[in-house]
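Novice: A single structure is presented below for examination.
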Amino acid sequence: MSNPKNAVDPLIAPLVLGDHTVPGIWRYMLPYEFLGLDFPSERESTCLDCPRIVSDNYRQDYRCCTYFPKVPNYMLGLAFQNDKSTRPLIKQQLKSRFLLPEGMQESARMYADFIEQVAKEEFGQGEKTLCPYLNKENGYCGIYLYRNSVCSTFFCKNNHGDKGQKFWDEITTLVMQIELALSQWSLEEIGFDYSSYISRLNKTGNQIDKTFEPQTRKWSEKTYNYLWGSDVGNELDIYRECANVIEKNRNNLWEIANSVNITESIEYEKSANKLVLKKYKDEIPPDGSLDDITVSPQDIYKDVVKKHHNMWSLPNSPLVLNSKVVLSNSTRGNKKLYEVSLKKRKVGNAIEWTCSVEKGVFESLEIFKQMIMPGFDTMEKIRSLTGEDSKIFLSEWFSKNVLVKKIPPKAS
Ligand code: SF4
Ligand code: SF4
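For this note's numbering, add 1 to where a residue sits in the sequence shown, where the first one is 1.
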C-alpha cells in the first residue's frame, strides 16, 4: 500500500498526455476537459536519437534547445522550492541577470539574434542562442517538469503531419497566454507594483542599445537594477511568493487566467524589433509584439478542440493511397528498409518528405494501392500487421496526406 505522506503533490507531479510528459501544473491551469482529449503519440520526434542532427545539421549537444526560454516566475519558484537539482541552474540565471519580474527573459539583443537565426534557417545550428538549462552531458532538460509552453509542446516531426503540428501549436498559444496571465496576476497578488514595472520597461525602449551588454548580450546591470527597483536582491523570494500564491489558488487558475487583462510592454517590444536587421524583419511576429495577447484563453481553447477534431477525424468514404506517395523498399547490408515518401504537390517529382517505417506499416499502406472502404476485415488486418490500433493508424496517415479520401463514382 502506498504511503500518502510520500505521495507527490499533483501540482508538481509529471502529467502524461498520451505518451508525452508535461508539467503537473497543467492539471490545474487548463480546463478540465483538456485532460480528456486524445493526445497523439509523437513517435517520430525521437529526442535522444535526434533525427535532425543528420537531416538538418542540428548541433549534437543542443539539438532544438538553441532557444532561450521565457519561463514564468511562478514556475521557477515552484522548481526552486520543490526540486533541489534546479537550484544551481536558477541561481546561475539570477547571477547572469536573466530573471525579471515576470520570469526568465532574454535581452533585446538576444531576441534579435534569435530572429536572425530563424530567418537564416540556422535554427538548431547557432552559437548565439543556447538554452542554459540543457545538460550537455546527457542531453536532458534541467527544468523538465517546470519547462514552459513552447518547450512542452515542441515536436520537430508530427505523427499526424501538419494537422498534428497545428494541434500542438494551438496548445502552445493557449498555455503561453495562461503563463503570461498567471505571472502578471501572481505579481500583483503579492503586492508587487506591476504597472510601474511595465512603464519602466517601456521607458528602457528609448535607449534600447543601453539595455544589454554588447559582449555578453546579458541585460545591462543598470537596466536590470532599474527594472527591479527597490526589489533588486529579492528576486528569488518574489518568485517563491508567486509560486505560493499560485499553489494556494490552484483550483481557480483557469478562471483567473481568463479574467486577467494582460499588460503588454509595447514600447519596449517595438524598440527591440528595431534591432532586427531589415532583411530579417519578416520573421518578426505579425502583430509586431513578442506575444500575441489579443485572444482570451477561453477562445483559444475552442480552437484547440477544433484542431483536435480535425487531427483525428476520418472521412466516411473510401480511402486510397495518394498518387503523390512512393512506397519503396531496399536492402542495406542484411537489413531491409521500408520507406514512405510524399512528392511535392505542384513540383513534378521533387520529394517533400520521406520517412522510414516498419514492415507492418509498409504492408498496411500497400493495401490502399486500391481504393478501399475500411471495414472490419481491413481494420483487423492493419491491427495484426502493425500491432497498433487501426483507427489511430488510419487517422495518422490520413492527416499526413498519405491516405486520401476517394468519392466513389455514382452508379449509373
Ligand atoms: S524535438 Fe528536438 S530533440 Fe526531439 S527529435 Fe526533434 S529536433 Fe531532435
Ligand atoms: S528549458 Fe529545457 S526543453 Fe526548453 S530549451 Fe531549455 S533545455 Fe530545452
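Backbone N, C-alpha and C define an ideal beta-carbon position, used for all residues, glycine too.
1. When the Cα of Leu338 is compared with those of Phe40, Leu328, Val403, which residue comes out closest?
2. Does ligand 1 have even one heavy atom less than 7 Å from the beta-carbon of Thr130?
3. Can Cys66 and Cys132 be called in contact, C-beta distance under 8 Å?
4. Which same chain residues end up closer than 7 Å to Leu386 when comparing Cβ atoms and leaving out the 5 residues on each side of it in sequence?
5. Compare the C-alpha of Asp10 against each of Ser46, Ser56, Leu79, Cys48 and name the closest.
6. DSSP state of Ser342, grouped into three classes?
7. Identify the residues that DSSP records as bridge partners of His161: which are they?
8. Roughly how many whole angstroms lie between the Cα atoms of Trp313 and Asn226?
9. Which term fits His310, buried or exposed, when burial requires 16 or more other beta carbons within 10 angstroms of its beta carbon?
10. Can you give the Cα-Cα distance for Tyr112 and Cys356, rounded to whole angstroms?
11. Please enumerate, following chain order, all residues with a beta carbon closer than 5 Å to at least one heavy atom belonging to ligand 1.
12. Alpha carbon to alpha carbon, what distance is there between Leu228 and Asp210?
13. Contact check, Val119 vs Glu284 under 8 Å by CB: the rounded distance?
14. Looking only at its own chain, which residues have a Cβ that is under 7 Å from the Cβ of Pro316, when we skip the five neighbours before and after it?
15. Which of the three DSSP states is assigned to Ala8 in this structure?
16. Would you say the segment 262-275 touches the segment 207-224, given that touching needs at least three Cβ pairs under 8 Å?
17. In the DSSP output, which residue or residues are listed as bridge partners for Gly423?
18. So is the beta-carbon of Arg148 under 7 Å away from any non-hydrogen atom of ligand 2?
19. Give me, in chain order, the residues of the same chain whose beta-carbon lies closer than 7 Å to that of Val261; leave out the 5 immediate sequence neighbours on both sides.
20. Kindly examine ligand 2 and report whether one of its heavy atoms sits closer than 7 Å to the Cβ of Pro15.
21. Are there any heavy atoms of ligand 2 lying less than 7 Å away from the beta-carbon of Pro73, as far as the coordinates show?
22. I need the straight-line Cα distance from Ala244 to Gly125, nearest angstrom please.
23. So the beta strand (DSSP E) Asn330 belongs to, where does it begin and stop?
24. For Asn203, which residues in the same chain have their Cβ closer than 8 Å to its Cβ, ignoring the five residues on either side in sequence?
25. Buried or exposed for Ile408, please, with buried defined as at least 16 other CB atoms from any protein chain shown within 10 angstroms of its CB.
Specialist: Here's the rundown:
1. Taking the first residue of the sequence shown as 1, we reach residue 338 at position 337. Looking at the Cα atoms, Leu328 is the closest of the given residues.
2. As a working note, residue 130 is residue 129 in the sequence shown. Incorrect: Thr130 has no Cβ contact closer than 7 Å to ligand 1.
3. Within the sequence shown, numbered from 1, the residue matching residue 66 stands at position 65. Within the sequence shown, numbered from 1, the residue matching residue 132 stands at position 131. Closer than 8 Å, so yes.
4. Working through the sequence shown from its first residue, we reach residue 386 at position 385. The residues are Gly361, Glu364, Ser365.
5. Taking the sequence shown and counting its residues from 1, one reaches residue 10 at position 9. Cα-wise, what sits closest to Asp10 is Leu79.
6. Working through the sequence shown from its first residue, we reach residue 342 at position 341. DSSP places Ser342 in strand when its eight states are reduced to three.
7. Within the sequence shown, the letter at position 160 stands for residue 161. DSSP output for His161 lists no bridge partner at all.
8. Looking up residue 313 in the sequence shown gives position 312. Looking up residue 226 in the sequence shown gives position 225. C-alpha separation (whole angstroms): 50 Å.
9. In the sequence shown, the residue the question calls residue 310 occupies position 309. Per the 10 Å Cβ criterion, exposed.
10. Residue mapping note: residue 112 aligns to position 111 of the sequence shown, counting from 1. Residue mapping note: residue 356 aligns to position 355 of the sequence shown, counting from 1. Near 34 Å, if we compare the C-alpha coordinates of Cys356 and Tyr112.
11. Ser46, Cys48, Cys51, Arg53, Arg64, Cys65, Cys157
12. Taking the first residue of the sequence shown as 1, we reach residue 210 at position 209. Taking the first residue of the sequence shown as 1, we reach residue 228 at position 227. Asp210 and Leu228: Cα-Cα distance of roughly 15 Å.
13. As a working note, residue 119 is residue 118 in the sequence shown. As a working note, residue 284 is residue 283 in the sequence shown. Confirmed, about 5 Å.
14. To locate residue 316, count along the sequence shown from 1; it is residue 315. Answer for Pro316: Lys406, listed in chain order.
15. Working through the sequence shown from its first residue, we reach residue 8 at position 7. Note: Ala8 maps to coil in three-state DSSP.
16. yes
17. No statement about residue 423 is possible, as the shown extent of the chain runs from 2 to 413 and does not include it.
18. Against the sequence shown, residue 148 aligns to sequence position 147. Checking every heavy atom of ligand 2 against the Cβ of Arg148, one is found closer than 7 Å.
19. The sequence position of residue 261 within the sequence shown is 260, counting from 1. Within the same chain, Val261 has close Cβ partners Ala182, Gln185, Trp186.
20. As a first step, residue 15 must be located in the sequence shown, where it is residue number 14. For ligand 2, not one heavy atom lies less than 7 Å from the Cβ of Pro15.
21. As a first step, residue 73 must be located in the sequence shown, where it is residue number 72. Not under cutoff, so the answer is no.
22. Here residue 244 refers to the residue found at position 243 of the sequence shown. Here residue 125 refers to the residue found at position 124 of the sequence shown. The alpha-carbon atoms of Ala244 and Gly125 are separated by roughly 32 Å.
23. As a first step, residue 330 must be located in the sequence shown, where it is residue number 329. Per DSSP, Asn330 belongs to the beta strand (DSSP E) from 326-333.
24. Indexing the sequence shown from 1 puts residue 203 at position 202. Result list for Asn203: Ser266, Ile267, Glu268, Tyr269, in chain order.
25. Sequence index remark: in the sequence shown, residue 408 carries index 407 (1-based). Looking at its Cβ environment, which holds fewer than 16 other Cβ atoms inside 10 Å, Ile408 is exposed.
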